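Read top to bottom, the protein sequences are chains R and Z. So in my numbering, spot 96 of the first sequence is number 96, and the numbers just go up one at a time. So in my numbering, spot 60 of the second sequence is number 60, and the numbers just go up one at a time. For every residue, glycine included, the Cβ atom is placed at its ideal position computed from N, Cα and C. For clarity, every value in this text was computed on a predicted model and none was experimentally measured. Below is one structure, written out as structure tokens, with a few remarks after it.
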Amino acid sequence: AQSVTQLDSQVPVFEEAPVELRCNYSSSVSVYLFWYVQYPNQGLQLLLKYLSGSTLVKGINGFEAEFNKSQTSFHLRKPSVHISDTAEYFCAVTEIQGAQKLVFGQGTRLTINP
Amino acid sequence: KAGVTQTPRYLIKTRGQQVTLSCSPISGHRSVSWYQQTPGQGLQFLFEYFSETQRNKGNFPGRFSGRQFSNSRSEMNVSTLELGDSALYLCASSFQGGPSYEQYFGPGTRLTVT
């Protein structure tokens, strides 16, 4: 079984500041990793995913994440945030050899202050 | 291309009643998954359908069921509603249904049980 821990439930930052949202996972098998964003009253939108290859993954809206296998982490970063980045962010994993079933973390609410 | 649509968007039901939610996947997508989102439990996988067959099921009681039609549209049904079933129910579709394939989420159906 897999589990995902998002280390911060809320992250407030000022506009144009950098941000890092932390995600750690636990799994006895190899996994794919994802970051999703959820804006108010909307579904989830994929920001980026790690399947294989380079451990630094670039996604939409200027976000990137780094996969660290030894630390079982997949932290999300953005060098300069905008008011429009205010949303809830979810880290998720799924077994490489398993079913199409995402296991999500509890989410991190990112609030951007002007 | 139209995104994933879910109907209805909002629903209020009484304890003991049953409810049916509908999901229309992106055209050409054959896999449909359902997730429940609550403040306490977060995002949890309910089940996945591929080519009208349930391939995977999460840890939910038998009151939760679903089906998929030949046009890939899916419905989920919850019988004998309980207060704890109040949640946002998200549907996601993907082209093939496999761990590496991106899942596209709909806006969700918000179910309130009174």
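Beta-carbon spacing of residue i, residue j below 9 Å
i                    : j                    : result
residue 56 (chain R) : residue 63 (chain R) : no
residue 88 (chain Z) : residue 36 (chain Z) : yes
residue 18 (chain Z) : residue 78 (chain Z) : yes
residue 64 (chain Z) : residue 47 (chain Z) : yes
residue 90 (chain R) : residue 42 (chain R) : no
residue 49 (chain Z) : residue 24 (chain Z) : no
CA-to-CA distance, residue j to residue i, given in whole angstroms
i                     : j                     : result
residue 76 (chain Z)  : residue 50 (chain R)  : 30 Å
residue 107 (chain Z) : residue 30 (chain R)  : 30 Å
residue 36 (chain R)  : residue 21 (chain Z)  : 23 Å
residue 115 (chain R) : residue 100 (chain Z) : Past the boundaries of the shown model lies residue 115 (chain R); chain R is included only from 1 to 114, so the question cannot be answered.
residue 104 (chain Z) : residue 47 (chain R)  : 11 Å
residue 53 (chain Z)  : residue 95 (chain R)  : 20 Å
residue 7 (chain R)   : residue 110 (chain R) : 13 Å
Residue i - DSSP class collapsed to helix/strand/coil
i                     : result
residue 61 (chain R)  : helix
residue 42 (chain Z)  : strand
residue 84 (chain Z)  : helix
residue 112 (chain R) : strand
Within chain Z, partners of residue i - CB distance below 8 Å
i                    : result
residue 51 (chain R) : 100
residue 32 (chain R) : 99 and 100
Closer than 8 Å at the beta carbon, the chain R residues around residue i
i                    : result
residue 84 (chain Z) : Chain R residues near residue 84 (chain Z): none, gap ~18 Å exceeds 8 Å.
residue 31 (chain Z) : 100
Beta-carbon neighbours of residue i, restricted to chain Z and to distances below 7 Å
i                    : result
residue 10 (chain R) : None at all; the shortest Cβ gap to chain Z is about 14 Å.
Contact set between residue i and chain A, taken where Cβ atoms lie within less than 9 Å
i                   : result
residue 8 (chain Z) : Structure shown: chain A not included; protein chains present are R and Z.
Contacts that residue i makes with chain R (C-beta to C-beta distance below 7 Å)
i                    : result
residue 67 (chain Z) : Those do not exist, as residue 67 (chain Z) stays about 17 Å from chain R at its closest Cβ, beyond 7 Å.
residue 21 (chain Z) : Result: empty, since nearest Cβ-Cβ is about 13 Å, beyond 7 Å.
residue 28 (chain Z) : Under the 7 Å cutoff, chain R gives no residues; its nearest Cβ is about 16 Å from residue 28 (chain Z).
Check whether the region 23 to 31 of chain Z touches the region 91 to 99 of chain Z, counting contact only when three or more Cβ pairs, one atom from each stretch, lie closer than 8 Å.
-> yes
Are there three or more Cβ pairs, one per stretch, closer than 8 Å when the region 69 to 81 of chain R is compared with the region 11 to 27 of chain R?
-> yes
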